[in-house]
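109 is the number that this note's numbering gives the last residue of the sequence shown; the numbers go up by one with no jumps. Glycine included, every Cβ here is placed at the ideal spot set by N, Cα and C. Below: the structure, in structure tokens.
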Amino acid sequence: MPHSPPSWAKGAAYLSLAALAAKGLSALYKIPYQNMTGDTGFYVYQQVYPLYGAVLVLGTYGFPLVIAKALIDNGGREGIRPLLTF
Numbered sequence: 024m025p026h027s028p029p030s031w032a033k034g035a036a037y038l039s040l041a042a043l044a045a046k047g048l049s050a051l052y053k054i055p056y057q058n059m060t061g062d063t064g065f066y067v068y069q070q071v072y073p074l075y076g077a078v079l080v081l082g083t084y085g086f087p088l089v090i091a092k093a094l095i096d097n098g099g100r101e102g103i104r105p106l107l108t109f
């Protein structure tokens, strides 16, 4: 009986293929985007996108993590209520 790779290796291979597909799609949409917006529009996109990516990461990962840690440290919902009121 042939030895099959571990499940984590299959998962890593699937993630690698998905990352390559995403890179390919991002390369494909940039060419028509530059043709539609011109050099100035594409320049603005290239300058703003890293900031947008950083804010997106903080908003989707960092902020919920901070809220969860505050909930754990302050004993549940009642302990966090003063922290969330402005």
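Residues of the same chain with their beta carbon placed closer than 8 Å to that of Leu74 are lacking, with the five preceding and five following residues left out of the count. Rounded to whole angstroms, Leu79 and Ser30 show a C-alpha spacing of 30 Å. The criterion of a C-beta distance shorter than 8 Å is satisfied by Tyr56 and Phe65.
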